[in-house]
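Contents: one structure, followed by commentary.
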Amino acid sequence: MILAQDICSKLNLDSSVILKKPIRGKNGFTTLELIDALINNDTIIDAATKLGYSDNPLKQVIRTLLKPILGISHGDNWRKKLLSLIKHKYCNQCNRILPYSMYTKDCSRDDQLANSCASCRVLKSKREKEYILQRTPSWSELELIKRFYINCPIGYHVDHIVWATCTK
0 MILAQDICSK LNLDSSVILK KPIRGKNGFT TLELIDALIN NDTIIDAATK LGYSDNPLKQ
60 VIRTLLKPIL GISHGDNWRK KLLSLIKHKY CNQCNRILPY SMYTKDCSRD DQLANSCASC
120 RVLKSKREKE YILQRTPSWS ELELIKRFYI NCPIGYHVDH IVWATCTK
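0 is the number of the first residue of the sequence shown in numbering that gives the first Met the number 0; add one for each residue after it.
Right under this line is the structure:
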């Protein structure tokens, strides 16, 4: 809710304004609850479900409240757009919302930031290194491997071996 409050203040929106009044057993929701639902869910449908509505009432509110301010087009993501206002981003790996300072640069992306945060990228790198180490034969088998290369029949080749390029 703190991030949602920051976004409301950045957009000069009153967070306590009731956007949908309670009707037919459904709870209404405020601007703060709408922003919170949009930044904590992947899609508008998920956000609407969290608020207890179908997607149409939510789309109507977004069309009247947020679209004129942000000018977002059809293909854009509300979560991404709203979080970018306060310089935060959603990490696809750990499913957390973190500040831009927690991400590494990726110049090929439109926001110039990597998909996953720096800690997730380090963890992924460690897992990949472990994976390679587990599949690399011990150095005691190096002589057997060299003999295998030498004895390989003509017309055949040994393929996909990481440790064949090692110099030790």
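Ideal Cβ positions, reconstructed from N, Cα and C, are used throughout, including at glycine.
As the structure is a computational prediction, the values presented were derived from the model and not from experiment.
- Residue state for ILE85 is assigned as coil, using DSSP reduced to three classes.
- Excluding residues up to 5 positions away in sequence, ALA113, ALA117, ARG120 lie with their Cβ nearer than 7 Å to the Cβ of THR103 in the same chain.
- Here LEU82 has ILE38, LYS88, TYR89, ILE96 as same chain residues with Cβ atoms under 7 Å from its own Cβ, once five neighbours each way along the sequence are excluded.
- Of PHE147, ILE1, CYS7, PRO21, the smallest CA-CA separation from LEU64 is found for CYS7.
- Beyond the five residues adjoining it in sequence on each side, ILE17 comes within less than 6 Å, by CB distance, of GLY27, THR29 in the same chain, given in chain order.
- In the same chain as LYS49, and ignoring 5 residues on each side of it, the C-beta atoms closer than 7 Å to its own belong to ALA36, ASN40, in chain order.
- Contact between GLY51 and LYS25 holds: CB atoms are separated by about 5 Å, below the 8 Å threshold.
- ILE38 is not bridged by DSSP to any residue.
- For LEU69, same chain residues with a beta-carbon under 7 Å away, outside a window of 5 residues either side, are LYS80 in chain order.
- Note that the C-beta distance between ASN150 and SER115 is not below 7 Å.
- Comparing alpha-carbon positions, the option among ASP13, ARG23, ILE22 lying closest to GLU32 turns out to be ASP13.
- Per the DSSP secondary-structure output, PRO98 pairs in a beta bridge with HIS87.
- With fewer than 16 other Cβ atoms inside 10 Å of its own Cβ, ILE44 counts as exposed.
- Burial is judged here by how many other beta carbons sit within 10 angstroms of a residue's own beta carbon; ARG126 has fewer than 16 and is exposed.
- Collapsing the DSSP output to three states places ASN114 in a strand.
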